[in-house]
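Take a look at the structure below.
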Amino acid sequence: ILNVEQSPQSLHVQEGDSTNFTCSFPSSNFYALHWYRWETAKSPEALFVMTLNGDEKKKGRISATLNTKEGYSYLYIKGSQPEDSATYLCAFLNNAGNMLTFGGGTRLMVKP
Amino acid sequence: GAVVSQHPSRVICKSGTSVKIECRSLDFQATTMFWYRQFPKQSLMLMATSNEGSKATYEQGVEKDKFLINHASLTLSTLTVTSAHPEDSSFYICSARGLQGAEVYVRDGYTFGSGTRLTVV
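First to last, the sequence lines map onto chains A and B. Numbering-wise (this note's numbering), the first sequence opens with residue 2 and increments by one. Numbering-wise (this note's numbering), the second sequence opens with residue 39 and increments by one.
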């Protein structure tokens, strides 16, 4: 059983605050690490797919880093806005197949 | 971009009845469909993987006779919860991948439906 963990489980921040959360995953048999943004009643939307150790990816105010040797990834949101409120999921893909193993998610709530 | 439509979004059924959940890929051909279940405050857990035209592969602990998966076409996969009981009440969501090569999924991620909340009373 692959262990993918996210912390914190939930986070309340004020509009304008910057925040970050963590995903930890097995450091062996790594293929890719996915980040998804999941708003209530909508489909999870892919934010980043990260494959290389040391990768840093950015989309607007959101960025992510990857450390495959120690098995963690950080997601950063700069200047949080109410529309950033969602659950952020990470998912680990190993090199044995095409199955994603998800973490429990971090629920972010941004207060205006 | 790729879209997967999942229906119904919510369903309430009586114990002992069967419920069918559909996932349709709207603008691509889904060669593989993944079905997940999520219990409250837990992660998305993979139930089964289905490839078009072949039998689904179920994860350990998932009863294949209870959760029937059909993937008869490249645009439609269905999950039928047979003889549903209250403990089957959960959130079910599908995810699809299509004919493109693996590098597309490395770049773009997987495409999800919006999920179905099943309540068995």
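Where a beta carbon is used, it is the ideal one built from N, C-alpha and C, also for glycine.
{"Asked": "Residues of the region 73-99 of chain B whose Cβ lies closer than 7 Å to any Cβ of chain A, in chain order", "Found": "Q80, S81, L82, L84 and T87"}
{"Asked": "Beta strand (DSSP E) segment containing M100 of chain A, residue limits", "Found": "Per DSSP, M100 of chain A belongs to no beta strand (DSSP E) and is neither H nor E."}
{"Asked": "Under 7 Å between C-beta atoms of F150 of chain B and Q76 of chain B", "Found": "no"}
{"Asked": "Inter-stretch contact at 8 Å, needing at least 3 Cβ pairs: the region 81-95 of chain A / the region 22-36 of chain A", "Found": "yes"}
{"Asked": "Cα-Cα separation, K102 of chain B to M83 of chain B", "Found": "15 Å"}
{"Asked": "Cβ separation of V42 of chain B and C61 of chain B, assumed to be a contact under 8 Å, to the nearest whole Å", "Found": "6 Å"}
{"Asked": "Stretch-stretch touch, CB-based, cutoff 8 Å, three pairs: the region 59-78 of chain A with the region 51-59 of chain B", "Found": "no"}
{"Asked": "Residue environment, M110 of chain A, which counts as buried when at least 16 other CB atoms sit within 10 Å", "Found": "exposed"}
{"Asked": "Where R135 of chain B falls, given that 16 or more other Cβ within 10 Å makes a residue buried", "Found": "buried"}
{"Asked": "Presumed contact (8 Å Cβ cut-off) between F112 of chain B and A40 of chain B, rounded CB distance", "Found": "This sequence places Leu at residue 112 of chain B; Phe is not what is there. That belief does not hold up - the Cβ atoms of L112 of chain B and A40 of chain B are roughly 13 Å apart, past 8 Å."}
{"Asked": "Residue-level contact to chain B via CB, M51 of chain A, 7 Å cutoff", "Found": "no"}
{"Asked": "Exposure of P45 of chain A, with buried meaning 16 or more beta-carbon neighbours within 10 Å", "Found": "buried"}
{"Asked": "Secondary structure, beta strand (DSSP E): runs of 3+ residues fully inside the region 2-77 of chain A", "Found": "6-8, 11-15, 20-25, 31-39, 46-51, 57-60 and 63-68"}
{"Asked": "Cutoff 6 Å; reference F31 of chain A; Cβ partners in own chain excluding five residues on either side", "Found": "T69"}
{"Asked": "8 Å CB neighbourhood of V14 of chain A in its chain, flanking five on each side removed", "Found": "T20, S81, L109, M110, V111 and K112"}
{"Asked": "CB of A65 of chain A within 7 Å of CB of V50 of chain A, strictly", "Found": "no"}
{"Asked": "Proximity winner among A:A87, A:K79, A:G104 and A:F103, relative to I63 of chain A (alpha-carbon distances)", "Found": "A:K79"}
{"Asked": "Contacting positions in the region 105-135 of chain B - beta carbon closer than 9 Å to chain A", "Found": "I131, S133 and R135"}
{"Asked": "The ligand SAM heavy atom lying under 6 Å from the CB of R62 of chain B", "Found": "The ligand SAM is not among the ligands present in this structure, which contains no ligands whatsoever."}
{"Asked": "Helix, strand or coil at E90 of chain B according to DSSP, with G and I counted as helix", "Found": "coil"}
{"Asked": "Selection from B:S152, B:K58 and B:S92 that minimises the alpha carbon distance to K104 of chain B", "Found": "B:K58"}
{"Asked": "Start and end residues, beta strand (DSSP E) containing A92 of chain A", "Found": "A87 to N95"}
{"Asked": "Proximity winner among B:L106, B:F72 and B:L156, relative to H123 of chain B (alpha-carbon distances)", "Found": "B:L156"}
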